Amino acid sequence: MCLLVLFCVFLYLIGVIQAAPTCTTTDSSEASSFTTRTISTIVSSSVLTLFACIYSAIHPNIPSPKDSPNCVLRRRLGIMIMALIAPELVVTWAMRQWLSARHVTRQFKELGYPSIHPGQVQFEPEVQLQRQRENCLHRFLRFLRLLPVMLAQHVLSVLVFLWRFPGVLASSFVLMGGFMLYDMDGTPCLTLRPDYILNLIHNEFIDAPTLTAEQIHDKSKGNAISKGLVMLQVAWFVMQLITRAIYHLETTQLEAGTLAFAVLNFLTYAVWWNKPLDVQCPHPVYWKSTKSTPEDIHVHNETIEYFDLGILAPVLRPILELIGAPRIPTSRKLRVPTFDGSIKLEDSDKTVLQLAGLLMATIFGGIHCMAWFFAFPTYQEQVLWRMSAAAITFTPWLFFLTLRLFEVLITSNAVIFSVFTLYAMLYITARAVLLVLMFTTLRHLPPDAYKAVSWTSLVPHL
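If you use mature numbering (1 follows the signal peptide of the UniProt record, and there is no 0), the sequence shown corresponds to residues -19 to -1, 1 to 443, in order.
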């Protein structure tokens, strides 16, 4: 939060230093409706909004007690890069964590947590799981039938929908690595995932860890003021772009690209509303059994992967983790993986996540396609923008349909990996091109792009 405040002050000082140009129009009504803006104003408002979307909206998992500050910083920068390249995958990641937190909340409530007695933990039989899958499928099909009616109400009701599950706060804290098992000597041994906690309580190895909502909020670096400032800036940015469209003023490619991030930022913030922000230290849970040691615990840790990622591992592994690919490591000893923090979901939930990810990709790419007929300095840049915008819109759909086809054809894993690598490189290249064009097209803007609606500057914003 301190970094965000300093960044805001820096951008504000830039705006103060810049000399305000005078309005040259002679029409009094136009002069009262419009003012002028400079390149620095366009860049500062867009970059500040972009920074809020890729930094402040991200709720990372808790680092290991043995991680150095530089390691934590590098990991945070890696998350920001992924949010810059594929923000729709970050939204899907947040949704996967939220669905997992809901499931954990229900499971803990059914067991009466934290008042769990030894032998009380029972896992659901297969018949009950099958019934739950069918119920989830029926609910999803009903959702599809009612989708046209629900779309108009979804944005306004999403926060109320999230608050129907107040226990998600505690479950989110557990899933992000909030409880760390320590031995009797005070040495950290294992990050306690929900199933580990239940099993250890069942075997009387630990006492049920408890934290109140106030204690969890105290660990979180987020509060109503910090979240409100970010949402205020994003809302103002969207509002002034809508105003420009109403007055038929030119919008820059930088603003169009930032708008795409802003829309997905609203969804990310809504889904992660109950997840603690920037917690640095897990809550200690101490081993109490004298008959065994924490080293005796058998922890299932998937370390076998479908493919040898080779030199592309730094690029492809985060993407595979974000999409929840199977056989990618889902647990580590002293921390939750960077892009994880979820449990194994039902097939119906996975289908919902896949469709949600495709919808996010369509929205994100579609907003870039809105700049299809914008003014460009050169024809070549216009063609590059159109090709790249189409690529980020349709590549996720092509990959999804290709996977469904491969499932029917029972294609080898090597072929699937090759196709995944091809689509991933195509998508990353298209995103890089768009990011470059967002700034290079500022060198030659039409006259209307320098106009601004006067009253928008009176709306509070950073």
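Don't be surprised by glycine CBs; every beta carbon is placed ideally from N, CA and C. Computed from a prediction, not measured in an experiment: that's the story for all the values here.
Length of the line joining the Cα atoms of residue i and residue j
i: S369; j: M419; result: 12 Å
i: V396; j: T332; result: 23 Å
i: residue 507; j: F247; result: Because the chain in this structure spans residues -19 to 443, residue 507 falls outside the shown range and cannot be described.
i: N394; j: Q88; result: 35 Å
i: P377; j: M76; result: 17 Å
i: I227; j: L213; result: 21 Å
i: L150; j: P257; result: 7 Å
i: M220; j: I344; result: 18 Å
i: L339; j: E276; result: 42 Å
i: T274; j: G167; result: 13 Å
i: H40; j: E195; result: 18 Å
i: S435; j: I20; result: 17 Å
i: R424; j: I35; result: 25 Å
i: T359; j: T402; result: 31 Å
i: E362; j: M63; result: 25 Å
i: D188; j: I182; result: 6 Å
i: F186; j: T172; result: 15 Å
i: L54; j: A342; result: 28 Å
i: P99; j: N184; result: Confidence is the limiting factor: at P99 the pLDDT is only 48, short of 50, which leaves the residue's position unreliable and the question unanswerable from this model.
i: L179; j: S329; result: 25 Å
i: L235; j: L416; result: 8 Å
i: L390; j: M406; result: 24 Å
i: residue 445; j: P190; result: Nothing about residue 445 can be reported from this structure: the residues present for the chain run from -19 to 443 only.
i: G209; j: E327; result: 34 Å
i: P68; j: V211; result: 17 Å
i: C52; j: G322; result: 19 Å
Extent of the continuous beta strand (DSSP E) run through residue i
i: Y267; result: H264 to Y267
i: K432; result: K432 to V434
i: W163; result: The sequence shown places Tyr at residue 163, not Trp. Element bounds for Y163: F160 to Y163.
i: G168; result: Gly is not the amino acid found at residue 168; the sequence shown has Thr there. Looking at the DSSP string, T168 is not in any beta strand (DSSP E), and its letter there is neither H nor E.
i: F355; result: Segment: none, F355 is in no beta strand (DSSP E) and carries neither H nor E.
i: F186; result: Neither: F186 is in no beta strand (DSSP E) and is coded neither H nor E.
i: T359; result: Element bounds for T359: n/a, residue is neither H nor E.
i: T271; result: Here T271 belongs to no beta strand (DSSP E), and DSSP marks it neither H nor E.
Beta-carbon proximity check, residue i vs residue j, cutoff 7 Å
i: Y408; j: R18; result: no
i: H349; j: A433; result: no
i: residue 494; j: L334; result: The requested residue 494 does not occur in the structure, where the chain is confined to residues -19 to 443.
i: R225; j: T233; result: no
i: A372; j: A411; result: yes
i: Y177; j: P169; result: no
i: W79; j: V244; result: no
i: F160; j: H264; result: yes
i: W268; j: H442; result: no
i: T383; j: V400; result: yes
6 Å Cβ shell around residue i - same chain, five flanking residues per side excluded
i: T271; result: none
i: A38; result: N246, T249 and Y250
i: S152; result: A82, V85 and T86
i: residue 525; result: The first residue shown for the chain is -19 and the last is 443, placing residue 525 beyond what the model contains.
i: I324; result: S81
i: S45; result: L315 and R316
i: F380; result: Y404
i: T437; result: Q221 and T224
i: T239; result: S27, T30 and L31
i: V440; result: W217
i: D429; result: L230 and E231
Limits of the unbroken alpha helix (DSSP H) element including residue i
i: P50; result: P50 to I66
i: C350; result: D328 to C350
i: P175; result: P175 to H183
i: F247; result: Q234 to V252
i: T22; result: I20 to F32
i: T224; result: A205 to I227
i: F320; result: Counting along the chain, F320 falls outside any alpha helix (DSSP H), and DSSP gives it neither H nor E.
i: A151; result: V149 to L156
i: A194; result: A194 to K200
Same chain only: Cβ atoms within 8 Å of residue i, ignoring 5 sequence neighbours per side
i: L365; result: V414 and L418
i: P175; result: V85, Q88, F89, S152, V155, L156 and I324
Beta-carbon contacts of residue i that lie in its chain and below 7 Å, excluding the five residues immediately before and after
i: M351; result: A237
i: I66; result: I409 and R412
i: K200; result: P257 and V260
i: H198; result: none
i: F15; result: K432, A433, V434 and S435
i: K57; result: Sequence inspection shows Arg at residue 57; the Lys mentioned does not correspond to that position. If we look at R57 and ignore the five residues flanking it on each side, its Cβ neighbours are P41.
i: G158; result: N42, I43, T172, P263, R316 and V317
i: G346; result: A370, I373 and T374
The ligand GDP heavy atom lying under 6 Å from the CB of residue i
i: I223; result: This structure simply doesn't include the ligand GDP, nor any ligand for that matter.
Proximity test, Cβ basis, 7 Å: residue i and chain B
i: T402; result: No chain B is part of this structure, which consists of one protein chain only.
> At what residue ranges does the region 377 to 442 contain a whole run of the beta strand (DSSP E), taking only runs of 3 or more?
Replying inline: Runs of the beta strand (DSSP E) inside the region 377 to 442: 432 to 434.
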